[in-house]
Amino acid sequence: MRDSVGIGVAVGAAGLAFGTTAVTAGLSPAQAVFTSLFVFTGASQFALVGVVAGGGSLVAGVLGALLLGARNTLYGLRLADLLGWRGPRRMVAAHGVIDETTAVTLAQPDRASSRLAFITSYSVLGTFWVLTTLVGASATDRVHDIDALGLDVVGPAVFLGLLWPRLREGGPRAWFVSGLGAGLALATTPFLPPGVPVLLSACAACVALLGPAPSSPAATTTEATDDTEGAGR
Amino acid sequence: MTLWIALIATAAGCYLLKYAGLAAPRSVLDNPWVQRFAVAVPLALLAALIAVEALGDGQTLAWDGARMAGLGAAVCALVLRAPFLVVIVAAAATTAGMRALGWG
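Chains G and D supply the protein sequences, listed in that same order.
The first sequence begins at 560 in this note's numbering and counts up by one.
The second sequence begins at 36 in this note's numbering and counts up by one.
In structure tokens form, the structure reads like this:
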């Protein structure tokens, strides 16, 4: 419960930041709240509105958001056996598969407590996320000079907060993949429509496939738990 | 209107990605290469997003001193293991302060 409140506050802060960034990018408060309610996975939402802000191609923006959202598939795979839901319940639960709910749920010892942890974290985080998006979006809608308040730095700062724990835990390979991704994106920015360079940077991830064969999957099942600090807001 | 379509497409796509995970056969997860790739993609994308949003202005690259100082403040806050909210506020306040003072 204490964990849920702690994560709830962090998610609330990110929700405020998302509402702010979305309206800064040109979304209406209604569109910002719709996004938080239905896309419901922080990094993808920030990526999409980032492209909108840059006046980029919406197709590239959607594709970038989906690429970032693909890690939730991995979380779903981990949660499937643990939760053991089928049919309509599984369809509802799918919406709540994000970094934070996965981290909280994977930390539970058995099915009953996993289900309880998932339902609790999903409802607490979901409520916080949508409400704080509404607050951030409505407040920003009344601000006329975005730059004077430094709100243009909120987007990159959020991404930095998401990236940081991954770098801290990922070692030199993580730094290399990130550096290469950033370099590729910057180098192609002058030649490609906004949004596309970010997509292209995903190629840098292929570098991670080089080198010695990865260790057994058993060693990586704790990852989502380690991820909890920054992921998915 | 096109923006609404993009939002709805993203919502649908992100939902399907989540659902696919819950419904897919577990053997997919046992492939270590899938694991490794899935961990690496967010690394590359997040770093690219930071770079492009910090230094890009449409299709040109531009150095905005105040914005970069804000990001520097965010890095300091992260190194000090500050809570997420503090990181964001430090970044925005630094950028706003620099601009108010006419620096950067």
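Don't be surprised by glycine CBs; every beta carbon is placed ideally from N, CA and C.
Integer Cβ distance of residue i from residue j, believed to fall under 8 Å
| i | j | result |
| --- | --- | --- |
| G:Thr600 | G:Ile657 | 5 Å |
| D:Ala82 | G:Ala764 | About 10 Å; that fails the 8 Å criterion. |
| G:Ala653 | D:Leu57 | 5 Å |
| D:Val87 | G:Thr579 | The pair is not a contact, with the Cβ atoms about 19 Å apart (cut-off 8 Å). |
| G:Val570 | G:Phe687 | 5 Å |
| D:Ala126 | G:Val713 | 7 Å |
| D:Ile123 | G:Ala576 | 5 Å |
| G:Val621 | D:Ala117 | In fact, because the Cβ distance is near 33 Å, the residues do not count as touching under 8 Å. |
Residue-level contact to chain G via CB, residue i, 8 Å cutoff
| i | result |
| --- | --- |
| D:Cys49 | yes |
| D:Leu113 | yes |
| D:Leu136 | no |
| D:Ala93 | The identity of residue 93 of chain D in the sequence shown is Gly, whereas the question assumes Ala. Chain G contact via Cβ: present. |
| D:Gly107 | no |
| D:Trp39 | yes |
| D:Val98 | One detail in the question is off: residue 98 of chain D reads as Trp in this sequence, not Val. Chain G contact via Cβ: absent. |
Buried or exposed by the 16-neighbour rule on C-beta atoms within 10 Å, applied to residue i
| i | result |
| --- | --- |
| D:Ser62 | exposed |
| G:Gly585 | exposed |
| G:Ser682 | exposed |
| G:Asn631 | buried |
| G:Thr780 | Interpretation of G:Thr780 is limited by its pLDDT of 42, a score under 50 that renders its predicted location unreliable; the figure taken from the coordinates is listed afterwards. Its Cβ having fewer than 16 others within 10 Å, G:Thr780 is exposed. |
| G:Arg670 | exposed |
| D:Asp99 | buried |
| G:Trp723 | buried |
| G:Leu769 | exposed |
| G:Ala612 | buried |
| D:Arg102 | buried |
| D:Met133 | buried |
| G:Cys762 | exposed |
Beta bridge counterpart(s) of residue i as assigned by DSSP
| i | result |
| --- | --- |
| D:Gly91 | D:Leu96 |
Short CB-CB distance (under 8 Å) between residue i and chain D
| i | result |
| --- | --- |
| G:Pro753 | yes |
| G:Gln667 | no |
| G:Arg637 | yes |
| G:His703 | no |
| G:Trp723 | yes |
| G:Val621 | yes |
| G:Leu675 | no |
| G:Phe593 | yes |
| G:Tyr681 | no |
| G:Ser697 | no |
| G:Arg649 | yes |
CB contact below 8 Å: residue i versus chain B
| i | result |
| --- | --- |
| G:Ala629 | Annotation note: the requested chain B is absent from the structure, which comprises protein chains G and D. |
Contained alpha helix (DSSP H) runs [length at least 4] in the stretch 681 to 750 of chain G, N- to C-terminal order: 713 to 747
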